[in-house]
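Some notes on the structure that comes next.
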Amino acid sequence: MSWLRIRELVRKEFIQVFRDKRNWPILVLAPLIQIVLFGYVVTTDVRDIRLGVVDHSKTPESRRLLESFDANPTFRILFHLENPKDLDRLLLQRRVDVGIWIPPDFQATVRKGKTASIGVHVDGSMSNMAAVRIAYTSIVMDEVGTRLLRDRFRRRIKFGEIDLRVRTWYNPNLDSQFYYVPGIVAFLVMLLSLLLTSMAIVREKEAGTMEQLIVTPLRPLEMILGKTIPFILIAQAQMIMVIGFAILWFRIPMAGSALLLLGATGLFLLSTLGIGLFISTVSKTQQQAMMTNFFFILPFFMLSGFVFPIANMPLMVQWLTHLDPLRHFLVIIRGIFLKGTGMSVLWPQLLELALLGGGVFIGAVNRFRKRLD
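Taking our numbering, the leading residue of the sequence shown gets 60, the next gets one more, and so forth.
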């Protein structure tokens, strides 16, 4: 194996990639635009809950309850209605998220020290958001109920109350961006490395320069390395750029080692670049390579645990996720960013990435042949 031949092929690849001005937006602007877009869009935080209210009690107690919602910055009371059926109509039209119906006997029930029933209508078409809205609404009602009882009986009623003191580690404010943005960084690196590498050999075939490479003394391994090294360097540069942007723009803390993260990225790229090379060898046109990419990207995304917890998947599918390099890299990048974990904790994921990457890359090298068919 001649490193001189590999070096010249790498130089040729860099010239070919950067000479085409159409590649510059893909290499520089696309990652930044996508991380800004996904960083704000992909979130589970609920910051604005629109309320519709039917108050049939019209008493100081009911007004106190509604004032508590009105004073909470998470809630906005948009409609004061007279008919509970109007709440269902507004939910159907998606003009409110939660409807609250206070019955006429609310004051009498509270003053007797009994449990008062309040109707809460929630839009359940998005189950995750509905669960969070119900939880927020319940918290406000529990606080108001406790204050009403205390004011009524002039003392705090405990009945064996448990003093719960919660301390959240690694993400004190439970900001979903801290969880999702590192995952978006990993997904962008996978997406761009797959797309760029899958076009490497197909582009030579379509441009008619594959014949020139075939007649050179380059061996298959040397050609694969020459085609891969530029994209490894480009992907690492994109990784540094996107991580820096995430830290500066979204204020995501990075508690761990940047060198360990770059090393893990190299192992991750072995898998993605190997798959990209495999796609490039089996495809005859760039359009066919692009379509084949989606065959890999969507399963990788769905099985990675990026959005859907792996623990909720069937057992057979959970075993299948071990073949997904994005799954292991998400654990690594989130661990390094948020927890500051090192090799002593992340070595199982690093080992699986190395085995996956080595196997995929060796398979791509064996699949490649210096011929046109």
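In this text, a Cβ means the ideal position worked out from N, Cα and C, and glycines have one as well.
Proximity of the segment 272 to 286 to the segment 226 to 239 falls short of the contact definition, fewer than three beta-carbon pairs being nearer than 8 Å.
A straight-line Cα-Cα distance of about 56 Å links H115 and V248. By the C-beta criterion, the segment 386 to 397 is judged to be in contact with the segment 359 to 375, since at least 3 inter-stretch pairs fall below 8 Å. Counting along the chain, D114 sits inside the beta strand (DSSP E) bounded by residues 108 to 114. Assigned with DSSP and collapsed to three states, I177 falls in coil, not helix or strand. In the DSSP assignment, V301 falls within the alpha helix (DSSP H) that extends over 279 to 308. Annotation: I306 to P90 spans about 14 Å, alpha carbon to alpha carbon. Runs of the alpha helix (DSSP H) spanning 4 or more residues and lying entirely within the segment 305 to 354 occur at 317 to 341, in chain order. Shortest Cα-Cα distance from R310 to any of L255, W378, G422, D234 involves D234.
Secondary structure at W406: helix, using DSSP grouped into helix, strand and coil.
Within its own chain, the residues whose Cβ lies closer than 6 Å to the Cβ of G242, once the five positions on either side in sequence are excluded, are F365, L389, listed in chain order. Counting the other Cβ atoms within 10 Å of the Cβ of S403 gives fewer than 16, which makes it exposed. In terms of Cα proximity to S184, the closest of L150, R170, F304 is L150. Taking a contact as a CB-CB distance under 8 Å, the pair T344 and E281 does not count as one, their CB atoms being some 25 Å apart.
D156 sits close to R109, with the two beta carbons spaced by under 8 Å. Taken atom to atom, the span from the alpha-carbon of Q152 to that of F138 is near 13 Å.
G416 counts as buried, since no fewer than 16 other beta carbons sit within 10 angstroms of its beta carbon. Distance from the CA atom of I161 to the CA atom of E141, rounded to whole angstroms, is 11 Å. Take A348, set aside five residues on each side of it, and the residues of its chain with a beta-carbon closer than 8 Å to its own are S257, M258, V261, I338, S339, S342, in chain order. The criterion of a C-beta distance shorter than 8 Å is not satisfied by I291 and L336. In the DSSP assignment, V157 is bridged to L110, V181. Note on geometry: alpha-carbon atoms of L321 and A294 lie some 10 Å from one another. Looking from the CA of G325, the closest CA among A314, P373, A296 belongs to A296. Q236 counts as buried, since at least 16 other C-beta atoms from the protein chains shown sit within 10 angstroms of its C-beta. Taken atom to atom, the span from the alpha-carbon of Y239 to that of R393 is near 9 Å.
Check the Cα spacing between V419 and each of I391, S330, V191, P358: the tightest is with S330.
Using a 10 angstroms sphere on the CB of E72, the tally of other CB atoms reaches 16 or more, which defines it as buried. In this chain, the alpha helix (DSSP H) harbouring L247 covers 235 to 257. The straight-line gap separating the alpha-carbon atoms of Q408 and L414 is approximately 10 Å. H180 sits close to D147, with the two beta carbons spaced by under 8 Å. For R170, the number of other beta carbons within 10 angstroms of its own is below 16, and it is reported as exposed. Counting the other Cβ atoms within 10 Å of the Cβ of L374 gives fewer than 16, which makes it exposed. The beta carbons of T380 and L362 sit about 5 Å from each other, so the pair counts as a contact at 8 Å. Take N187, set aside five residues on each side of it, and no residue of its chain has a beta-carbon closer than 6 Å to its own. Remark: C-beta atoms of G315 and G422 do not approach each other more closely than 8 Å.
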